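Worksheet for the structure shown next.
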Amino acid sequence: MATFSSRTVVSTRREWSVPAAEPWGAFLGDVRAAIAVASVAYREVHQLPEDAPLLDDALRFKVADNEIVISFTVEEGQQ
Numbered sequence: 266m267a268t269f270s271s272r273t274v275v276s277t278r279r280e281w282s283v284p285a286a287e288p289w290g291a292f293l294g295d296v297r298a299a300i301a302v303a304s305v306a307y308r309e310v311h312q313l314p315e316d317a318p319l320l321d322d323a324l325r326f327k328v329a330d331n332e333i334v335i336s337f338t339v340e341e342g343q344q
């Protein structure tokens, strides 16, 4: 007889998008501002001090059509 368990995990992805239209791409100031705001949100969700360093995998950066998307995912129960 097989032994196994099942679970459903609900997650929320928080995203910030920075315009990066061709041929010029994104502005450094816009990228820095989005990273700063995303970092604050990450620390709040995880109840970290505002000066706590983030782990290397805390934020994700994805190149999409005409934008850079900065995000992190939170599983239900962590918020």
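Add 265 to a position in the sequence shown, counting from 1, and you land on the number used in the numbering used here. Where a beta carbon is used, it is the ideal one built from N, C-alpha and C, also for glycine. None of these values were measured; they are calculated from a predicted model.
Which residues DSSP lists as bridging residue i, in chain order
{"i": "A234", "result": "Here the chain has residues from 266 to 344 only, and residue 234 is not among them."}
{"i": "R279", "result": "F337"}
Presumed contact (8 angstroms Cβ cut-off) between residue i and residue j, rounded CB distance
{"i": "A317", "j": "R308", "result": "6 angstroms"}
{"i": "I333", "j": "A267", "result": "Not really, about 45 angstroms apart at Cβ, beyond 8 angstroms."}
Between the CA atoms of residue j and residue i - distance to the nearest angstrom
{"i": "E287", "j": "V310", "result": "34 angstroms"}
{"i": "T273", "j": "W289", "result": "43 angstroms"}
{"i": "L320", "j": "F269", "result": "33 angstroms"}
{"i": "A298", "j": "S271", "result": "41 angstroms"}
{"i": "E315", "j": "L293", "result": "23 angstroms"}
{"i": "A291", "j": "I335", "result": "13 angstroms"}
{"i": "P323", "j": "F337", "result": "A small fix is needed here, since residue 323 is Ala in this sequence, not Pro. Cα-Cα distance, rounded: 7 angstroms."}
Which runs of the alpha helix (DSSP H) spanning at least 4 residues fall entirely within the region 285 to 321, listed in chain order?
-> Taking 4 residues as the minimum length, the alpha helix (DSSP H) runs contained wholly in the region 285 to 321 are 293 to 310, in order along the chain.
Three or more C-beta pairs below 8 angstroms linking the region 302 to 316 and the region 270 to 286 = Yes, since at least three Cβ pairs between the region 302 to 316 and the region 270 to 286 fall closer than 8 angstroms, the two stretches touch.
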